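Colleague:
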Amino acid sequence: AAKEAAGSGPQAPGSEAHSPAPKKARLDAPGAVGNGSTPAPAAVRKPVKFAEYASPVTSAKAVKNASELAGMREAHLRDAVALCHFLHWLESH
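Read left to right, the sequence shown gives residues 1 to 93 (full-length UniProt numbering).
1) Using the three-state DSSP reduction, which class does Ser55 fall into: helix, strand or coil?
2) Only counting the same chain, and skipping five residues up and downstream in sequence, which positions put a Cβ closer than 6 Å to that of Met72?
3) Indicate the three-state DSSP secondary structure (helix, strand or coil) for Phe50 in the structure shown.
4) Grouping DSSP H, G and I as helix and E and B as strand, with all else coil, what is residue 98?
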């Protein structure tokens, strides 16, 4: 009974998370695929062709309404003022 209390006896169901780690673990080679084989070298692989096209989402996001345009103008103006203040500070120090 003393051994079971120390954790070397039978474990309760669901306590597998607290079991000791295995002594040996199998590690796959670097670059190994799930079945243990390695992928083909670049010289053997066929080149992949990608289809490039304009996304309709990008074009829809590019269209700005009047309030977005006004906000951008105000932001650019604030940035310009901040840059002028910084350049003035830089020249005076």
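Every residue gets a Cβ at the ideal spot worked out from N, C-alpha and C, and that includes glycine.
Quick caveat: nothing in here was measured; it's all calculated off a predicted structure.
Modeller: Answer, in terms of the structure:
1) In the three-state reduction of the DSSP assignment, Ser55 falls in the coil class, being assigned neither a helical nor a strand state.
2) none
3) Phe50: coil per DSSP, three-state reduction.
4) Any question about residue 98 goes unanswered here, given that the chain covers just 1 to 93.
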